[in-house]
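Residue numbers (full-length UniProt numbering): 1 to 314.
Using N, Cα and C, we set each Cβ at its ideal position, and we do this for glycine too.
It should be emphasised that the depicted structure is a prediction, and the values quoted were computed from it without experimental measurement.
Following: one structure in structure tokens, then a few remarks.
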């Protein structure tokens, strides 16, 4: 049966440093037989959306090369995309929070634009969050058909909306991917519960790949929860954590190529506080037992019992 993995990152504004972490994680995942790697939200640049958007095409190509070089399916977290799926530019200088899926040939086989944008008041150093200032919401649920199974794509705040998970199941999803960057406060309160609930709602293997630790954004520091998890369709937390020291830069050929197009002067990390420590990537790895998942679905056929006349999923 195929192995799947979430990558937990502590991404910063330094794109090259993030690419090194990502390629290292993919390299390790492939070495233990993983077929699908899921990155967290804002994996490539945390906090400077305009900077990341300038590199959208270059980062798209970088992900394609990673997938092809390592012969793996890559769910590339999210990237701020300046254009809609139809090619038209996003209005008012905003972006779409876009999640891309690449196959082992390097082809981008699916694009999902985050439907539910985060808007909340949180008891932390940021206090008020409103993604609608920067992003335009997507409007189409996406399920990608792959040799591993049908992958329903969600992003972070989408996790709070059971209707989307159920709609993805209705469209044929067998796996849910949820790249995220939950705040420390909301993650501590709700992350595990929400992941488990969505796995049970949809009867899908659910992969929650999260950001973790302190992120340095200009003069403010943001804390994310981490605790990346893989939950099976029966609501059980599965998977093992794995990490390895970063290899030498010479052993990361795709990241080396990025130095040819990155502006290394612009691509610098903010000044670090005295107590700051880099958090290395972590992998959470599990088997996808689709045969067992089908048994659970047959034994409790939620789709047959769902009253669409009363509550129709979005």
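Self-check item: Neighbourhood of residue 10 by C-beta distance below 6 Å, restricted to the same chain and skipping five residues each side
Solution: Position 10 of the chain shown, counted from the start, is the residue given in the question as residue 10. Correct list, in chain order: 212, 213 and 279.
Practice problem: Could you round the C-beta distance between residue 233 and residue 199 to whole angstroms and report it? I think they count as a contact, below 8 Å. | Solution: As a first step, residue 233 is located in the chain shown; it is residue number 233 there, counting from the start. As a first step, residue 199 is located in the chain shown; it is residue number 199 there, counting from the start. That pair is a contact at about 6 Å.
Exercise. Output the residue ranges of the beta strand (DSSP E) runs that lie fully inside the region 115-190 and measure 3 residues or longer, sorted by chain position.
Key: 119-121, 128-130, 143-146, 149-153 and 175-180
Quiz item: Along the chain, where does the alpha helix (DSSP H) that runs through residue 225 open and close?
Solution: The count along the chain shown starts at 1 and reaches residue 225 at position 225. Not the alpha helix (DSSP H): residue 225 falls in the beta strand (DSSP E), residues 220-225.
Quiz item: Beta-carbon separation of residue 195 and residue 231 under 7 Å?
Solution: Taking the chain shown and counting its residues from 1, one reaches residue 195 at position 195. Taking the chain shown and counting its residues from 1, one reaches residue 231 at position 231. The answer is yes: Cβ separation under 7 Å.
Quiz prompt | As assigned by DSSP and simplified to three states, the class of residue 32 | solution = Counting from one through the chain shown, the residue named residue 32 turns up at place 32. Correct three-state label for residue 32: coil.
Practice problem: Just grab the DSSP bridge partners of residue 108 for me. | Solution: On the chain shown, residue 108 is found 108 positions in, with the first residue counted as 1. Beta-bridge pairing links residue 108 to 102.
Quiz item: Apart from the five residues on each side of it in sequence, which residues of its chain come closer than 7 Å, Cβ to Cβ, to residue 185?
Solution: The residue given as residue 185 occupies position 185 in the chain shown. Cβ within range, chain order: 122, 123 and 124.
Quiz item: According to the Cβ coordinates, are residue 25 and residue 281 closer than 7 Å?
Solution: Walking along the chain shown from the start, residue 25 turns up at place 25. Walking along the chain shown from the start, residue 281 turns up at place 281. Yes, Cβ-Cβ distance for residue 25 and residue 281 is below 7 Å.
Quiz prompt | Element boundaries [beta strand (DSSP E), containing residue 211] | solution = Within the chain shown, numbered from 1, the residue matching residue 211 stands at position 211. Taken as a continuous stretch (DSSP letters only), residue 211 belongs to no beta strand (DSSP E), as it is neither H nor E.
Quiz item: What number of angstroms, rounded off, separates the C-alpha of residue 132 from the C-alpha of residue 250?
Solution: In the chain shown, the residue the question calls residue 132 occupies position 132. In the chain shown, the residue the question calls residue 250 occupies position 250. Approximately 40 Å between the Cα atoms of the pair.
Quiz item: Looking only at its own chain, which residues have a Cβ that is under 6 Å from the Cβ of residue 80, when we skip the five neighbours before and after it?
Solution: What you label residue 80 is simply residue 80 of the chain shown in a count that begins at 1. Around residue 80: 49, 52, 53 and 95.
Quiz item: Do residue 205 and residue 102 have their CB atoms nearer than 7 Å?
Solution: The count along the chain shown starts at 1 and reaches residue 205 at position 205. The count along the chain shown starts at 1 and reaches residue 102 at position 102. In this structure, residue 102 does not lie closer than 7 Å to residue 205 by Cβ.
Quiz item: Does DSSP put residue 26 in a helix, in a strand, or in coil?
Solution: Translated into the one-based positions of the chain shown, residue 26 becomes position 26. Residue 26: helix per DSSP, three-state reduction.
Self-check item: Burial state of residue 62 (16 or more Cβ within 10 Å)
Solution: For the purposes of this step, residue 62 is taken as the residue at position 62 of the chain shown. Buried, since its Cβ has 16 or more Cβ neighbours within 10 Å.
Quiz prompt | Given residue 291 as reference, the closest of 114, 169 and 149 once Cα atoms are compared | solution = Indexing the chain shown from 1 puts residue 291 at position 291. It is 149.
Quiz prompt | residue 254 beta carbon less than 7 Å from that of residue 69 | solution = On the chain shown, residue 69 is found 69 positions in, with the first residue counted as 1. On the chain shown, residue 254 is found 254 positions in, with the first residue counted as 1. Cβ distance < 7 Å, so residue 69 and residue 254 count as in contact.
Quiz item: How would you write the range of the beta strand (DSSP E) that residue 80 sits in, first residue to last?
Solution: In the chain shown, the residue the question calls residue 80 occupies position 80. Element bounds for residue 80: 79-81.
Quiz item: Do residue 191 and residue 225 have their CB atoms nearer than 7 Å?
Solution: Mapped onto the chain shown, residue 191 falls at position 191. Mapped onto the chain shown, residue 225 falls at position 225. Yes; because the gap between Cβ atoms is below 7 Å, this pair is in contact.
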